[in-house]
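**Q**
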Amino acid sequence: MHSFYNFVSGPLAWIAFLLFFGGSIFRIVRMLMLVAQKESFIFTYMSWRYSLRSIFHWIVPFATVNWRRQPVLTVVTFAFHICLLAAPLFLLSHVILWDEAFGISWWTLPDTLADVMTIIVILGAVFFLVRRVTRPEVRFVTSASDFVILAIVSAPFVTGFLAYHQWFAYPLMMGLHVLAGDIMLAAIPFTRLSHMLFSPFTRAYMGSEFGKVRHARDW
Amino acid sequence: MAEPSKKENADVVDDGIDVGISRLTEEKIQSVINSVIDNETGARLKTYVETCIHCGLCSEACHYYLSHDKDPHYSPVGKVKQTIWEMIRKKGRVSPEFIRQAAIISHTQCNLCKRCAQYCPFGIDIAYLMLVVRRIIHLLGVTPLYIQDTAHSHSVTMNQMWVKGDEWPDTLQWQEEEAQAEIPDLRIPLEKEGADIMYSVIAPEPKFQAQLIYQAAVIMHVAGVDWTMPASMGWDNSDMAMYTADNEIMGRLKRAHFETAERLKVKKIVMGECGHAFRSVYDMGNRWLGWSMPPFTIVHAIEFYYDLLREGRIKIAKKYKPPITLHDPCNVVRGGGLHEKARYVAHAICETVIEMLPNREHNYCCCAGGGVINTGPPFKMARMDGNRVKAEQLFEAKTKGAEVLVAPCHNCHSGLEDIVHHYEIGLEIKFFSDIIYEVMEKPA
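Sequence lines, in order, name chains R and D.
All the letters of the first sequence, read from the start, carry residue numbers 1 to 219 under my numbering.
All the letters of the second sequence, read from the start, carry residue numbers 1001 to 1444 under my numbering.
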């Protein structure tokens, strides 16, 4: 069990970080190169003002017509994404790992709060799963990959939660937690989790087109 | 491919589609799809497809989806799934029957109105994806017959309606004569070099709505505008080739239009109350020609009337009495931000303006635009069934007292005419120019 943990938190973690950072940079650079090669006009239309105006409206809950039309989804999706990013980044034990490994540390969340945020992520994933299966317009466009990415995202939180509360076999759970985290990091640039990387660009382009050319609002 | 939707147009016969399909082979389909994807698309298609998380949030933006009792086949992403996703996933190996369905979906179940872009959290441009599908349909020769006919007309006559070279100035002179019975010194100046404004219209105006040219001439005359109309090809600003994704013809049309304005050395182009033509000259055709913004100042009729009214160049003798409701056309509102100016004009010329809801950028499409009405009679019911929500929206405005529906766009005008009759809503439909002509001060 010890060697498993050492492997997933050692070499595998390095590979995961490499794939995450390297892959993300690769994907974004390749997209920009493709724009430059085949659709360089896109750069002509980009506007900081209208890009940020559009992004701002869409990252504020209830600031757009569609967010207001879907109040439950809006609350869940914002809570889910905020907790998904903040909990792992500011979890005390993660920060300690960074501190021990590289001597860098930052602000941390109280453990109870992080625990609640973990539950929010898990419940959010359950909500998305149920929505995907029960809403006809979502089910119609659902493919196997949608369930896979949902599993990839929730696994680190489920295992982390179990490990933190030391339910079941703690060492195994800890190892699985790290493994799940590795998989998620590595998957971000190479699955549709890449919406994390691309959505600011697509939103910015649409915002620029709507604001600068069409003189209209895109929210 | 996904199972067909509940009520499918399987029984629709369209010679453009059906004859085209009979000529297809799987090899031909595959080579065309892959050629379009490899050579004509780039980061947008790839990024849109890979970023979409299949959340379905675009669904309620779409009038087809809402009108079909939320049948997911009609949601924007549902239409993408049934067309371009499948083409990409199968690397172009799709059947002629699939292409038939893709032609019907892209040409008659999407108005390219871009309302869904305002509902997608990522701003994915689904109208663009549908145009990529139409591009493939065009190159496969499966475009619906009626709209293909207009594209052919553009190609041969440089106008949409097979108006022959001599018929055009003849119509203008006829309207000038008619108008002179009312205002003896009125002229429709032809080929006047160096005028401030070139006035351009869509081909249906001389073809069967010549009174609109009459009205425009009266407005120009009373306002003392220094204007001209071209006597040559290039007078028509319309562009159905844009909607068949026949981009080459779209480019020729816009070039002729811009070059005509250039030849006449005018300061700007003013166009009639048309939406799709505005999209073509302002948004798409100019870009195909390499102009990031149009090489001429393009003024849509709404903006033109706004300027005339605000500057007091036309005076309103007596405001229009019947209460009106105002339809916001997608191509000039979502596509040009003219909604507040349209309201200024409406309030300046009418006593009562009743808002329909949703409005401004969020207005429901007329279901005619995007070339859908131009697919003709075989698909008329697709428009009627596909826009029940518009009928409900109009009916609500009527219950609030509206008697007249102002639609400052030709496609909207015709499409709403059909909706109003089909659902028996009982609204009279007018252009702004109809009302301005009626209420303005004219020389006695």
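Idealized CB from N, CA, C, for every residue including glycine.
Just to confirm, is the Cβ distance from Leu946/D to Val1406/D under 8 Å?
**A** The requested residue 946/D is not part of the displayed model; chain D covers only 1001 to 1444.
**Q** In this structure, does DSSP put Glu1428/D in helix, strand or coil?
**A** Glu1428/D falls in the strand class under three-state DSSP.
**Q** Is it the case that the segment 1211-1222 of chain D contacts the segment 1186-1200 of chain D, given that we only count it when at least three CB pairs across the two stretches are under 8 Å?
**A** With the cut-off at 8 Å, the segment 1186-1200 of chain D and the segment 1211-1222 of chain D touch.
**Q** How long is the line joining the alpha carbons of Tyr1320/D and Gln1101/D, rounded to whole angstroms?
**A** Rounded to whole angstroms, Tyr1320/D to Gln1101/D spans 46 Å at the Cα level.
**Q** Mapping DSSP to helix, strand and coil, what is Met1001/D?
**A** Low confidence applies here, because Met1001/D scores a pLDDT of 43, under 50, leaving its location unreliable and the question unanswered by this model.
**Q** With the cut-off set at 8 Å, would you say Gly1275/D and Asn1331/D are in Cβ contact?
**A** In this structure, Asn1331/D lies closer than 8 Å to Gly1275/D by Cβ.
**Q** Please classify Arg1023/D as buried or exposed, where buried requires at least 16 neighbouring CB atoms within 10 angstroms.
**A** Exposed.
**Q** When you compare each of Tyr1437/D, Gly1042/D and Cys1110/D to Ala1317/D by their alpha carbons, which one comes out closest?
**A** For the residues Tyr1437/D, Gly1042/D and Cys1110/D, the minimum Cα distance to Ala1317/D belongs to Tyr1437/D.
**Q** So, at 6 Å on beta carbons, what are the nonlocal neighbours of Glu1441/D in its own chain, with the 5 sequence-adjacent residues on each side left out?
**A** Once the five neighbours on either side are set aside, the close Cβ partners of Glu1441/D are Lys1315 and Ala1317.
**Q** Applying the criterion that 16 or more other CB atoms from any shown protein chain within 10 Å of the CB defines a buried residue, is Gly1290/D buried or exposed?
**A** So Gly1290/D ends up on the exposed side.
**Q** Hey, which unbroken runs of the alpha helix (DSSP H) at 4 residues or more fall wholly within the segment 1377-1431 of chain D?
**A** The qualifying runs are 1380-1385, 1388-1399 and 1410-1422.
**Q** How would you call Pro88/R, buried or exposed, if buried means at least 16 neighbouring beta carbons within 10 angstroms?
**A** With 16 or more other Cβ atoms within 10 Å, it is buried.
**Q** At a Cβ cut of 9 Å, what residues of the segment 1117-1128 of chain D count as close to chain R, listed as they run along the chain?
**A** For the segment 1117-1128 of chain D, which is checked against every Cβ of chain R, the residues closer than 9 Å are Ala1117, Gln1118, Tyr1119, Cys1120, Pro1121, Phe1122, Gly1123, Ile1124 and Asp1125.
**Q** Can you give the Cα-Cα distance for Phe1395/D and Met1242/D, rounded to whole angstroms?
**A** Their backbone Cα atoms lie some 32 Å apart in a straight line.
**Q** What's the gap between the Cα of Met1250/D and the Cα of Lys1207/D?
**A** Rounded to the nearest angstrom, the two C-alpha atoms are 21 Å apart.
**Q** Starting from Val1270/D, follow the beta strand (DSSP E) in both directions and report where the run begins and ends.
**A** That run of the beta strand (DSSP E) goes Lys1268 to Met1271.
**Q** Are any of the Cβ atoms in chain D nearer than 8 Å to that of Ala187/R?
**A** It does not; no Cβ of chain D falls within 8 Å.
**Q** At which residues does the alpha helix (DSSP H) containing Leu1326/D begin and terminate?
**A** No alpha helix (DSSP H) contains Leu1326/D, which is instead part of the beta strand (DSSP E) from Ile1324 to Leu1326.
**Q** Which whole-angstrom value describes the C-beta separation of Gly964/D and Leu1140/D, a residue pair presumed to lie in contact below a C-beta threshold of 8 Å?
**A** In the structure displayed, chain D extends from 1001 to 1444; residue 964/D sits before or after that span and is not available.
**Q** Are Phe128/R and Leu109/R closer than 8 Å when you measure CB to CB?
**A** In this structure, Leu109/R does not lie closer than 8 Å to Phe128/R by Cβ.
**Q** Output, in chain order, the set of chain D residues within a Cβ distance shorter than 9 Å of Thr202/R.
**A** Within 9 Å Cβ-Cβ: Arg1044, Thr1047, Tyr1048, Thr1051, Cys1120, Phe1122, Gly1123, Ile1124 and Asp1125.
**Q** Flag Tyr50/R as yes if its beta-carbon sits less than 8 Å from any beta-carbon of chain D, otherwise no.
**A** So, not an interface residue.
**Q** Measuring only between beta-carbons, confirm whether Asp1283/D sits less than 8 Å from chain R.
**A** Output row for Asp1283/D: interface = yes.
**Q** With 8 Å set as the bound, which would you pick, yes or no: does the beta-carbon of Leu34/R sit closer than that to a beta-carbon of chain D?
**A** Yes, because at least one Cβ of chain D sits closer than 8 Å to the Cβ of Leu34/R.
**Q** Would you report the Cα separation of Met1001/D and Tyr1074/D, rounded to the nearest angstrom?
**A** Residue placement at Met1001/D cannot be trusted, given a pLDDT of 43 that sits under 50; what the coordinates show is reported in the next sentence. Cα to Cα, the separation comes out at about 15 Å.
**Q** So, is Glu1340/D buried or exposed, given that buried needs 16 or more other C-beta atoms within 10 angstroms?
**A** Counting Cβ neighbours within 10 Å, Glu1340/D comes out exposed, since fewer than 16 surround it.
**Q** Let me see if you follow: with CB-CB separation under 8 Å, is Glu1361/D close to chain R or not?
**A** Yes, contact with chain R.
**Q** What does the alpha-carbon distance come out to for the pair Leu1145/D and Thr1375/D?
**A** So the two alpha carbons sit approximately 7 Å from each other.
**Q** Report the neighbours of His215/R on chain D: residues whose CB is nearer than 7 Å to its CB, in chain order.
**A** Here the neighbours are Gly1336 and Gly1337.
**Q** Kindly indicate if chain B contains any beta-carbon less than 8 Å away from that of Ser1031/D.
**A** The chain labelled as chain B is not found among the protein chains of the depicted structure, namely R and D.
**Q** Counting only beta-carbon separations shorter than 8 Å, does Pro1072/D have a partner in chain R?
**A** So, interface residue.
**Q** With burial defined as no fewer than 16 other Cβ atoms inside 10 Å of the residue's Cβ, what is the status of Met206/R: buried or exposed?
**A** The residue is buried, with at least 16 neighbouring Cβ atoms inside 10 Å.
**Q** Going by beta carbon distance, what residues of the same chain come within less than 8 Å of Arg139/R, once the five residues before and after it are set aside?
**A** Counting only Cβ-Cβ distances below 8 Å, and skipping sequence neighbours, we find Arg132 and Val133.
**Q** Would you tell me roughly how many angstroms separate the C-alpha atoms of Glu1516/D and Arg1279/D, rounded to the nearest one?
**A** A query on residue 1516/D cannot be resolved here, the shown segment of chain D reaching from 1001 to 1444 and no further.
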